[in-house]
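Everything below concerns the one structure shown next.
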RNA sequence: CGGGAGGUAGUUCAGCCCGGUAGAAUACUUGGUUUGGGACCAAGGGGUCGCAGGUUCGAAUCCUGUCCUCCCGACCA
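In my numbering, the protein residues as written are 557 to 1047.
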């Protein structure tokens, strides 16, 4: 990487950190690599959770909860899985503290050593499949469609707010099926759910695809993914859905009797989305004035700021605003009336822009006289004076307009940043100067993929699902290829 | 784990090179005036300068060690 690109990346990181912190989403905590999600950020997460949870239930899933701790031995049952996760786990070795006999503090009681260490889950496949073994006997027990909302811990070397924290919140779906076909369909269905959520609610366009063998989840036969493009031209994996084949069923001996009374291993999927998506939201839509949140997920969709001198004016404004709030709520709009006397209007304007509230209404005595209100939209920063008559409907339709505008803007940016490259020089130049996805031929071998990563830091983000077949030559080796794949530098 | 930067008031940082009473902005408290884009005036509270040693009459400042944080890389959702 050139010096210039390195410093640009650092600037972008700084920009991103500032947005997250000043936008009141989260902050660093006292614990290495962990963050505190603040109430505003958590409200955003709750909206995301609620939306996804409904989508899961609409597709037949139910929620359950499995333990935080996983016996170490469970990890040795699936070889590929342990290979993928063993290096980055927090391990519980003791269960008691004691006063330090040498003075002051508290130390781990050496007598309280656990017989078998417990792993703080980095993902729950093992504990869940150990449980499924007891739950599945017959084809009548299938399919088993379960989701869990939980926290997991991965001891990553380097962390970034939301994008890669030591502890993060997520949902993980774990399903069991009688046939390969059914499991594959489930994995594809959930990828569709994710794509719909990210595009329609987060207003972030994604590319649906499958991972190459190198990038596949540890223990999966196929990993489906959605890939998004950030404003700095780097890619971000926004969700994955795995077809696990019979790997975990075999590792944990989960068999069922089919209709012919023959024992078969079940077929599995798992799929997950995390608080990382909040980072994606920030990186895709925000600008130098702060966050820009999509209306469908914003904790507050409309904020109303009164401007007044004296109690009398305030009273008149309150009266009018209460009516508007009622109408907005009837339309299902999340609205906040900020009549806090301690902050002045200008301060509030800046504050809500920083927090990314999609629509702001400013209403003062002057407006009341003329029966109007100032409407400001966050995405374009456009201000317009609008009649108070029908203002709720106006705001509501403006929210929909903003939602669409955000998606279209992000999509236009994404489209501009998918470029084809037909030879190595072009490929490298695009990566260094433009970034984004680069559509290029690859000979299909893991060695070539590794070599490209080694040379450029770019990885194959995905092989798009609707990929057109096209004969060509691999950009690195010149060997024949049947289709283009998407490369990018990624988070 | 490698490379870089840094740890001083709640926060952001100056002071360090060249040792001599602990600073600014902002935030906070009180009072007043303000209120259409982060107001102003006045008064006030708040820091064992990351930690431990060393040099010195004297250390935020120099030396040694150590811990932690951020950024870049490797790893990853």
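Idealized CB from N, CA, C, for every residue including glycine.
This structure is a prediction, so every number in the text was calculated from the model and none was measured.
Less than 8 Å between the C-beta atoms of residue i and residue j, yes or no?
i            : j            : result
residue 821  : residue 802  : yes
residue 825  : residue 742  : yes
residue 1043 : residue 993  : yes
residue 797  : residue 864  : no
residue 1019 : residue 766  : yes
residue 578  : residue 910  : yes
residue 927  : residue 944  : yes
residue 1017 : residue 783  : yes
residue 668  : residue 698  : no
residue 775  : residue 1002 : no
residue 624  : residue 651  : no
residue 984  : residue 1004 : no
residue 739  : residue 810  : no
residue 723  : residue 678  : no
residue 850  : residue 757  : yes
Measuring alpha carbon to alpha carbon, tell me which of the options ends up nearest residue i.
i           : options                : result
residue 874 : 856, 895 and 891       : 895
residue 672 : 665, 971, 687 and 630  : 630
residue 953 : 978, 579 and 914       : 914
residue 787 : 1005, 991 and 1010     : 991
residue 808 : 725, 829, 682 and 898  : 682
residue 997 : 1015, 989 and 1010     : 1015
residue 674 : 628, 925, 711 and 763  : 628
residue 971 : 711, 763, 574 and 1024 : 763
residue 761 : 770, 773 and 791       : 791
residue 819 : 1033, 568, 616 and 693 : 693
residue 632 : 840, 806 and 995       : 806
residue 872 : 816, 851 and 924       : 924
residue 680 : 662, 705, 695 and 700  : 705
residue 901 : 920, 912 and 840       : 920
residue 571 : 838, 613 and 881       : 838
residue 812 : 936, 868 and 690       : 690
residue 816 : 695, 823 and 736       : 695
With DSSP as the reference, label residue i as helix, strand or coil.
i            : result
residue 900  : coil
residue 839  : helix
residue 591  : strand
residue 798  : strand
residue 571  : helix
residue 746  : helix
residue 1008 : helix
residue 1027 : strand
residue 998  : coil
residue 910  : helix
residue 598  : helix
residue 811  : strand
residue 697  : helix
residue 979  : coil
residue 927  : coil
residue 713  : coil
residue 702  : strand
residue 559  : For residue 559, the predicted structure reports a pLDDT of 44, less than 50, and the residue's modelled location is therefore unreliable. A value from the coordinates is still provided. DSSP places residue 559 in helix when its eight states are reduced to three.
residue 671  : strand
residue 787  : coil
residue 583  : strand
Beta-carbon within less than 6 Å of residue i's beta-carbon, same chain only, minus the 5 sequence neighbours each way: which residues are those?
i           : result
residue 676 : 646 and 709
residue 883 : 948
residue 519 : Nothing about residue 519 can be read from this structure; the chain reaches only from 557 to 1047.
residue 777 : 799 and 801
residue 770 : 1002 and 1005
residue 854 : 914
residue 841 : 848 and 962
residue 557 : Unreliable positioning characterises residue 557 in this predicted model, as indicated by a pLDDT of 29, which lies under 50. A coordinate reading is not provided.
Since residue i and residue j should fall inside the 8 Å C-beta cutoff, what is the C-beta to C-beta distance between them, to a whole number of angstroms?
i            : j           : result
residue 848  : residue 934 : 6 Å
residue 1050 : residue 725 : The question about residue 1050 has no answer here: the residues shown for the chain are numbered 557 through 1047.
residue 713  : residue 827 : Not quite, the Cβ-Cβ distance comes to about 26 Å (not below 8 Å), so this is no contact.
residue 899  : residue 759 : Residue 899 to residue 759, Cβ: 29 Å. No contact.
residue 729  : residue 617 : 6 Å
residue 596  : residue 581 : 6 Å
Can you give me the Cβ contacts of residue i inside the same chain, cut-off strictly under 8 Å, excluding the 5 residues immediately before and after it?
i            : result
residue 1036 : 999, 1027, 1028, 1029 and 1030
residue 885  : 891
residue 889  : 857, 858, 948, 951, 952 and 955
residue 814  : 695, 734 and 820
Excluding five sequence neighbours on each side, which residues of the same chain lie with their C-beta closer than 7 Å to the C-beta of residue i?
i           : result
residue 585 : 591 and 592
residue 908 : 859 and 916
residue 904 : 861 and 894
residue 665 : 650, 652, 653 and 654
residue 940 : 931
residue 639 : 774
Consider the C-beta atom of residue i and the heavy atoms of the ligand FMN; say whether any pair is separated by less than 7 Å.
i           : result
residue 678 : The model depicted lacks the ligand FMN and carries no ligand whatsoever.
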